Amino acid sequence: MKTYICPSCKTENILTIDIEIEHYICKSCSNLINPETGTILKSVKKPTENVVLEVGQKGKIDGIEYQVIAIVVRKYGTSVFWREYYLKDKDKNDAFLSESSGHWVFLQPKEMPKKDFKFHTEFNGKKYRWYESTPNNIDAATGFFEDKIKFSLANYKEFVNGTEMVSIEQVGAEKTFLWGKHIPKSEIKRQFKPNYMPNYSGIGIVQPYYINIKQLINVLAIVALLMSLLQLYNTVSRTNYEVFSDKIRFDSVRNKELISKSFDLYGASAPLNVKLHSNVDNSWANVELSLVNEKTNEIEYTSQDIEQYHGYESGESWSEGDKNKEFNFCGVAPGKYHFAINAQKQGFEQPSGETFYSPDGTKSFIYDDLGFVDVTTLATGEKMSYNLSNLQTNDSIIYSELEKAKEFKLKNPNFSATLPDTDRQNPTFEIQAFWRPVSFWNYFIIIGIMIVLVLLNYWGKYLFDKEKWKNSNYSPFNEYTN
1 MKTYICPSCK
11 TENILTIDIE
21 IEHYICKSCS
31 NLINPETGTI
41 LKSVKKPTEN
51 VVLEVGQKGK
61 IDGIEYQVIA
71 IVVRKYGTSV
81 FWREYYLKDK
91 DKNDAFLSES
101 SGHWVFLQPK
111 EMPKKDFKFH
121 TEFNGKKYRW
131 YESTPNNIDA
141 ATGFFEDKIK
151 FSLANYKEFV
161 NGTEMVSIEQ
171 VGAEKTFLWG
181 KHIPKSEIKR
191 QFKPNYMPNY
201 SGIGIVQPYY
211 INIKQLINVL
221 AIVALLMSLL
231 QLYNTVSRTN
241 YEVFSDKIRF
251 DSVRNKELIS
261 KSFDLYGASA
271 PLNVKLHSNV
281 DNSWANVELS
291 LVNEKTNEIE
301 YTSQDIEQYH
311 GYESGESWSE
321 GDKNKEFNFC
331 GVAPGKYHFA
341 INAQKQGFEQ
351 PSGETFYSPD
361 GTKSFIYDDL
371 GFVDVTTLAT
381 GEKMSYNLSN
391 LQTNDSIIYS
401 ELEKAKEFKL
411 KNPNFSATLP
421 DTDRQNPTFE
431 IQAFWRPVSF
441 WNYFIIIGIM
451 IVLVLLNYWG
461 KYLFDKEKWK
471 NSNYSPFNEY
481 TN
């Protein structure tokens, strides 16, 4: 340990590493001093803005403990500044921490490479692309310097390869070659424990992409392999099979719900595939289907339209819709189930308003929302509408029949007359249900999501790298520098 007493302010400047120095800058008065002669050479601006480490502060990088022996703030132009922290380990080896806009680079002196090309240099078998040449000078400094500190113009020539870089720093005829790598700010905070961290903005020249794509691909490849093995096991050990099939008349479920026979689903959760068919022809049908778990009473409901229309227009035929409909109840757990079924078709719809039937079942009386009642002769389908507000005055016979129908409904609330089905070509609909414990649908969806995730990350990295190089005159995204 050496103590240097400032000849100007008498402050003790303590250096705990046993090295010989050419200059030091007093931590109190900021004078540059030659320790051999005690001469004050000049006053130097004290580094303060965004300087988060102090001379003498210690921290480990890659398992080696370093001590800050000097701090230099460099300036490019009038508004660009970065900070350099000079480090020494216990074996007196040099290293540097460079911080700019919150991005940190750890640098070590290396032997100057023998090859130097127009847009790149080579070091340890890697090519580093020329990023920028930056003329700069010292704006502020403090600490201990083994060599005489030079305030003349310096030039930094920086080359980048991913999260690594090399820098050729030239001051006059003297050149220094440095190899560096990105170091996370969290590591600086954990090891050196500064009171605060500098503001973070932009993308650093060796900042890594937010996600390691190679690791992501490796993880997703392992997941895909495990999924493939599981899918293979399911395919070999399980089979798809029909659990329900029935042909049902529309008139059997009009105004009432049909409860199907029970069926069992075995294995793990899987889709229940349902196929519907109705012989619609320029008409529609609707099937309401509830899947009921008989143990838990949980219900999954769906309403499916089947419609098919065709015709001629401007001399050309056209067709739309289908007589068939297929859908899935997804993620159905194993257990015992049944269907609750309701259906209607065009011309055989369930009445929308309150309905009454004559005691002999020959007429229906249906209220609408406009204050009218539709009176239908069921045998012929003939229908007439009457205004309820003056029905008793204008047609006492219909009024009397309606009152009898109301009274009859009070005594027979479950009565339903047999209605004529005018669509003789489509009296029924069919339901088939298949248990699909072996399904490739989810497998391919997940594989597809993983592929899209990888592609999005490649695209994101492309945009990230393009943004990283936008301030470089030698960007690989510039066709003139490739």
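Numbering (UniProt numbering) for the sequence shown: 1 to 482. We put the beta carbon where it would ideally sit given N, CA and C, even for glycine. All values derive from a computational prediction rather than experimental measurement.
| Asked | Found |
| --- | --- |
| The stretch 280 to 289 / the stretch 305 to 313 touching (three or more Cβ pairs under 8 Å) | yes |
| Distance CB(Q304)-CB(K323) smaller than 9 Å | no |
| Sequence-distant residues of the same chain with beta carbon closer than 6 Å to N273, five excluded per side | N328, F434, R436 |
| Cβ distance (whole Å) where A343 is taken to contact V253 below 8 Å | 5 Å |
| Boundaries of the beta strand (DSSP E) in which N137 is found, first to last residue | 126 to 145 |
| Member of S269, S472, K75 whose CA lies at the smallest distance from the CA of S133 | S472 |
| Any 3 or more C-beta pairs closer than 8 Å across the stretch 396 to 409 and the stretch 257 to 277 | no |
| Close-in-space but distant-in-sequence residues of the same chain around Y462 (CB under 6 Å, 5 per side omitted) | none |
| Supposed close pair I69, D89 - CB separation, criterion 8 Å | Not really, about 11 Å apart at Cβ, beyond 8 Å. |
| Local Cβ density within 10 Å of I299, reported as buried at 16 or more and exposed below that | exposed |
| Residue range of the unbroken alpha helix (DSSP H) whose run includes Y458 | 441 to 468 |
| Check whether E111 and F177 have beta carbons under 9 Å apart | yes |
| Residue interval of the alpha helix (DSSP H) (run including R254) | No alpha helix (DSSP H) contains R254, which DSSP labels as neither H nor E. |
| Collapsed DSSP secondary structure at I213 in the structure displayed | helix |
| Range of the contiguous beta strand (DSSP E) that encloses T39 | 39 to 43 |
| Coil, strand or helix - F408 by DSSP | helix |
| Range of the contiguous beta strand (DSSP E) that encloses T393 | No beta strand (DSSP E) holds T393; the alpha helix (DSSP H) holding it covers 391 to 394. |
| Alpha helix (DSSP H) segment containing S186, residue limits | 185 to 192 |
| Assumed close pair W56, T16 - CB separation to whole angstroms, cut-off 8 Å | Per the sequence shown, the amino acid found at residue 56 is Gly instead of Trp. G56 to T16, Cβ: 7 Å. Contact. |
| Inter-stretch contact at 8 Å, needing at least 3 Cβ pairs: the stretch 350 to 370 / the stretch 442 to 450 | no |
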